[in-house]
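Visitor: Would you mind keeping the following structure in view while I ask a few things?
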Amino acid sequence: MNYISLNFRGISFFKEEFIHFNGNNNEFPSIKDFQQNGVYTSEVRKKLCKYLENCPEIVSTSYKRLNAYTLEPIFSLTYFTDGDFIFTNLFQEYIYNNNFVLPQKWYELIKARNYINDNFELNYEKISSGEINVFSNFERSFDDNSIISDAVL
101 MNYISLNFRG
111 ISFFKEEFIH
121 FNGNNNEFPS
131 IKDFQQNGVY
141 TSEVRKKLCK
151 YLENCPEIVS
161 TSYKRLNAYT
171 LEPIFSLTYF
181 TDGDFIFTNL
191 FQEYIYNNNF
201 VLPQKWYELI
211 KARNYINDNF
221 ELNYEKISSG
231 EINVFSNFER
241 SFDDNSIISD
251 AVL
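In the working numbering, the protein residues as written are 101 to 253.
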């Protein structure tokens, strides 16, 4: 699974985050498969950074994890969404690296939006009550509708 073939509407972790804690974990994609030089120009990367920074937060915890680039411990896990894809706070850090690329199908959606994330509000009551499990988006393909749309006011 790499940035071109990934067809899920979210990524929670990269396997490098688990190597130091639990050994190799093939359940998650490798950060190495999302490191490609020259895919984005510096202008596009700036637009992507701004896009990710403007996505609303879903939930936040103090879960201990590793930065897949530096292998430094991080004591926060925050999930964000743009209405189509779920990603973590580390994506917002990774995108500043010149070789990190987003999943291609997600990037195509962002590009089609002209790198503009329309403001929307999530229904946190539906999310926190369990009425809508936004994390099931991780199992949805881009051929299926995003479950996040059910949580938008």
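C-beta: ideal position from N, C-alpha, C; glycine also. Bear in mind that the values here come from a model prediction, so they are computed numbers and not experimental data.
1. Cβ atoms of Ile111 and Arg235: under 8 angstroms apart, would you say?
2. For Leu166, which option in Ser105, Leu177, Ile158 and Tyr196 has the closest C-alpha, if you only look at C-alpha atoms?
3. What ranges does the beta strand (DSSP E) occupy inside the segment 141 to 220, keeping only unbroken runs of at least 3 residues that lie completely in it?
4. Let me know the secondary structure DSSP gives Phe118 once reduced to three states.
5. What residues match up with Gly110 in a beta bridge as DSSP calls it?
6. Got a sec? Which residues, its chain only, sit under 8 angstroms from Pro129 by beta carbon, not counting five neighbours each side?
7. Give the secondary structure of Val234 by DSSP, where H, G and I count as helix, E and B as strand, and everything else as coil.
Guide: Reading it off the structure:
1. As written in the sequence, residue 235 is Phe, which differs from the Arg given in the question. Not a contact, by the Cβ cut-off of 8 angstroms.
2. Leu177
3. 157 to 161, 177 to 181 and 186 to 188
4. helix
5. Ile186
6. Met101, Asn102, Leu106, Ile111, Phe114 and Lys115
7. helix
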